[in-house]
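In the numbering used here, the protein residues as written are 1 to 205.
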């Protein structure tokens with residue numbers, strides 16, 4: 001059995017990558033947020049994608065600290081994360097509908113897209129559950145478990161950054177062709193409405 005440099009056998013690592021790709025490609029708050037920001041321009045879109053990939057490291061840290069046990073023992077903690085995530089998605093959806101989520105001059109200086117991308121991912125309970133439920137299982141127990149977990153988290157972050165950066169660049173090309181058209185405005189409403197619906201769905205789960 002082939003063992004990789006960070007202590008995982010190749011079969012386990014490939015299985016994790018398959019599960020990670022399936023979740024990364026699944027439409028959700030992360031993708032919709034990057035798509036909406038990509039329509040505003042390449043910079044905001046890519047920064048959002050990198051922010052979301054950084055949020056993955058937050059989930060890795062939670063898993064390493066054993067937060068899964070906390071969520072199992074205290075269901076209210078998991079519910080709190082779900083409600084906070086729903087509220088934040090609602091805020092982003094309303095802001096997009098008002099078309100004032102960002103002041104472009106502030107965006108360039110403050111990196112607001114990056115920070116909000118981090119929060120969108122960090123407050124996504126589906127990603128949290130994936131990491132808390134499956135990451136320890138793939139990493140195993142015993143010596144080197146922390147390093148294996150960190151390696152898996154970094155892999156997931158890299159896959160996320162790669163895919164969502166592609167989404168951002170594609171949205172930027174589309175947005176540049178739709179500037180000042182009704183379709184561009186309609187896409188903004190669709191993205192905003194989707195984030196609102198995702199927020200409602202989280203509350204109703």
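Backbone N, C-alpha and C fix where the C-beta goes; we use that ideal spot for every residue, glycine too.
- prompt: Between the region 46-66 and the region 131-139, are three or more C-beta pairs nearer than 8 angstroms?
  reply: yes
- request: Go through its chain and collect everything with a Cβ distance to residue 144's Cβ below 7 angstroms, but skip five positions before and after it.
  value: 7
query: With C-beta atoms as the reference, is residue 48 less than 9 angstroms away from residue 169?
result: no
message: Less than 9 angstroms between the beta carbons of residue 127 and residue 40, yes or no?
response: no
- prompt: Taking Cβ positions, are residue 155 and residue 121 nearer each other than 9 angstroms?
  reply: no
query: Skipping 5 residues on each side, what residues in its chain have a beta carbon closer than 6 angstroms to that of residue 117?
result: 48, 51 and 52
- request: Whole angstroms is fine: what's the gap from residue 14's alpha carbon to residue 35's?
  value: 28 angstroms
- prompt: Can you tell me the Cα-Cα spacing of residue 158 and residue 112, whole angstroms?
  reply: 21 angstroms
field: Closest by C-alpha distance to residue 167, when choosing among 16, 12, 46 and 17
entry: 46
field: Among 16, 119, 75 and 25, nearest to residue 55 - alpha-carbon criterion
entry: 119
- request: Whole angstroms is fine: what's the gap from residue 11's alpha carbon to residue 76's?
  value: 36 angstroms
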